[in-house]
Amino acid sequence: MTWKDLQTQQWEADVAEVEGSHQVAELAAVIRAFERFPEPFNLVTDSAYVVGVVSRADQAILQEVSNTTLFELLSKLVKLISHREQPFFVMHTRSHTDLPGYIAEGNRRADALTAPAAMAPLPNIFEQAKLSHQLFHQNTSGLVRQFHITREQAKAIVATRPSCNQLALSTLSAGVNPRGLKSCEVWQTDVTHIPQFGRSKYVHVSVDTFSSAVFASAHTGEKISDVIERLIQAFSFMGIPRELKTDNGPAYCSREFSSFLQQWGVGHKTGIPHSPTGQVVVERTHREIKRVLNQQQQVSKIETPQTRLARALFTMNFLNGTFEFLNPPIVRHFGANPQLNIKERPPVIICDPETGRTARPHDLVTWGRGYACMSTPTGLK
């Protein structure tokens with residue numbers, strides 16, 4: 211924080227490092243201001259969050275907040291304001307303006323004081339990998355690919371986390387079921403139960419047997435309406451499969467489900483009744499989802515089931531890999547799609563707008579209204 215001394219007419223500053231989010235740092239600065247100035251003063255800030263909290267803090271009743279640091283700061287602020295004898299005024303000003311006057315000048319000075327902390331250099335690659343693993347708990351091969359560290363370094367990072375070390379699975383591909391030769395050829399789908407999700411404990415899972423890309427959603431039941439809703443969501447994320455393999459559950463064997471798949475042009479196969487190995491790929495995916503959720507529970511324990519599941523799916527689809535396939539599943543799923551490959555089209559003759567000369571034919575890569583891209587000896591133009 212910064213202020214202008216009335217006697218010397220000089221700007222003074224009080225700078226302290228605070229760990230946490232921007233809101234935590236802003237609250238800590240406000241508390242410091244109330245502690246430093248018991249006399250009447252004006253509090254000027256460019257944070258609408260601070261203005262809202264301070265204006266409502268007088269005699270407020272604070273409910274429990276899951277963030278311990280934030281709860282302690284809010285409690286301290288409420289106490290300071292409620293027991294304050296001298297008046298104060300809180301004012302909101304717009305940030306990053308060139309307006310004249312001491313209010314805008316003070317705000318610019320406060321921004322300048324925070325700039326060194328905001329522009330602090332990033333830690334080295336190994337430390338970045340450790341920080342990323344603390345948040346997402348990706349596996350060893352995922353760390354190797356993302357941060358270009360050695361396999362031994364990645365194993366050392368994973369070994370420092372007890373939850374990852376105890377719950378670690380083999381990074382080799384699982385299952386001997388028939389797999390697709392390309393993405394969206396064969397999917398396996400099933401339902402698993404995650405009790406800590408409460409009413410939304412029925413997690414419907416679909417996995418592409420070629421790329422291992424996963425889509426899952428939490429529902430309150432296993433009815434046909436839940437199955438259809440989940441599959442439409444999966445289609446919007448991973449595309450439409452040529453064939454869907456399921457167990458012999460009532461919803462999957464219903465006439466309504468058969469009609470739904472026929473409408474979308476999806477083939478349907480069921481496994482051998484009462485055979486636990488008929489859905490090996492998706493069963494292993496169930497275990498992988500639960501493993502990642504358990505690893506991330508310290509980070510995401512206050513989040514909703516849908517958010518926790520989305521965080522786990524991000525780790526599995528975008529970060530994790532295997533040493534057999536170093537790329538994550540989402541890259542294999544969409545990168546292997548031949549429809550996404552750039553194909554050269556018939557040669558075209560172009561006229562150079564600068565010289566007015568006609569150039570020899572070039573291979574057309576893509577074109578649209580008002581633009582075109584050609585493959586030339588010097589590269590794409």
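Heads up, the sequence shown is in our numbering, so the first residue is 211 and it goes up one at a time.
Beta carbons are placed, not taken as given, at the ideal position from N, Cα and C, and that holds for glycine.
Keep in mind the model is a prediction, meaning the values are calculated, not measured.
Could you check where the beta strand (DSSP E) with residue i kicks off and where it finishes?
i      : result
Glu498 : Here Glu498 belongs to no beta strand (DSSP E); instead the alpha helix (DSSP H) covers 490-505.
Val401 : 396-403
Glu534 : Careful: Glu534 lies outside any beta strand (DSSP E) and carries neither H nor E.
Met301 : 298-302
Gly481 : Segment: none, Gly481 is in no beta strand (DSSP E) and carries neither H nor E.
Glu453 : 453-456
Ser585 : 581-586
Thr212 : 212-214
Thinking C-beta only, is residue j closer than 9 Å to residue i?
i      : j      : result
Glu236 : Thr218 : no
Gly316 : Trp213 : yes
Phe425 : Gln443 : yes
Asn527 : Pro538 : yes
Gly390 : Glu493 : no
Val354 : Leu529 : no
Val415 : Ala423 : no
Asn458 : Thr480 : yes
Leu290 : Phe251 : no
Glu249 : Gln296 : yes
Gly531 : Ser351 : yes
Phe447 : Ala428 : no
Quick one: grab the DSSP three-state call for residue i.
i      : result
Asp321 : helix
Leu391 : coil
Val264 : helix
His543 : helix
Arg570 : strand
Gly352 : helix
Leu379 : Interpretation of Leu379 is limited by its pLDDT of 47, a score under 50 that renders its predicted location unreliable; no figure is taken from the coordinates.
Ser342 : helix
Val228 : coil
Ser416 : strand
Lys223 : Note that residue 223 is Ala in the sequence shown, not Lys. In the structure shown, Ala223 sits in a strand (DSSP, three-state: E or B).
Glu274 : coil
Asn252 : strand
Thr525 : helix
Tyr259 : helix
Ile512 : coil
Gly477 : strand
Ala520 : helix
Ala461 : coil
Gly311 : coil
In whole angstroms, what is the alpha-carbon distance linking residue i and residue j?
i      : j      : result
Asp224 : Ile367 : 38 Å
Gly475 : Cys394 : 12 Å
Thr269 : Ile241 : Residue identity check: residue 269 is Gln in the sequence provided, not Thr. Distance between the alpha carbons of Gln269 and Ile241: 16 Å.
Thr456 : Ala322 : 60 Å
Arg567 : Pro556 : 21 Å
Lys591 : His543 : 29 Å
Cys583 : Thr565 : 19 Å
Ala267 : Phe336 : 43 Å
Pro301 : Ile434 : The question names Pro, but residue 301 is Met in the sequence shown. Answer to the nearest angstrom: the Cα atoms are 55 Å apart.
Glu229 : Ala239 : 12 Å
Ile438 : Ile450 : 13 Å
Gly477 : Ser421 : 19 Å
Arg440 : Val413 : 10 Å
Asp215 : Phe247 : 12 Å
Ser594 : Lys511 : Beyond the ends of the chain as shown, which are 211 and 591, falls residue 594; an answer cannot be given.
Leu574 : Pro587 : 13 Å
Gln363 : Ile271 : 49 Å
Phe281 : Arg319 : 29 Å
Val541 : Glu227 : 40 Å
Gln202 : Leu283 : No answer is possible for residue 202: the residues shown for the chain start at 211 and end at 591.
Val491 : Leu341 : 31 Å
Ile560 : Arg570 : 7 Å
Arg518 : Val288 : 32 Å
Leu523 : Pro388 : 24 Å
Ala378 : Thr370 : Residue placement at Ala378 is poorly supported in this model, since its pLDDT is 49, which falls under 50; the coordinates are not used for a value here.
Arg497 : Lys365 : 21 Å
Glu466 : Gln472 : 10 Å
First and last residue of the alpha helix (DSSP H) that includes residue i?
i      : result
Leu441 : 434-448
Phe425 : Premise fails: Phe425 lies in the beta strand (DSSP E), 424-429, not in any alpha helix (DSSP H).
Gln233 : 232-246
Glu466 : 465-474
Phe281 : 278-292
Lys365 : 361-369
Quick check: does the Cβ of residue i come within less than 8 Å of any heavy atom belonging to the ligand GTP?
i      : result
Ser393 : This structure lacks the ligand GTP, and indeed carries no ligand of any kind.
Exercise. Assess, as a yes-or-no matter, whether the stretch 345-354 is touched by the stretch 500-514 under the definition of 3 or more beta carbon pairs within less than 8 Å.
Key: yes
Quiz prompt | Segment contact, 8 Å Cβ cut-off, at least three pairs: the stretch 349-361 with the stretch 395-409 | solution = No, because fewer than three Cβ pairs between the stretch 349-361 and the stretch 395-409 fall closer than 8 Å, the two stretches do not touch.
Quiz item: So does the stretch 247-262 actually touch the stretch 273-280, counting three or more Cβ pairs closer than 8 Å?
Solution: no
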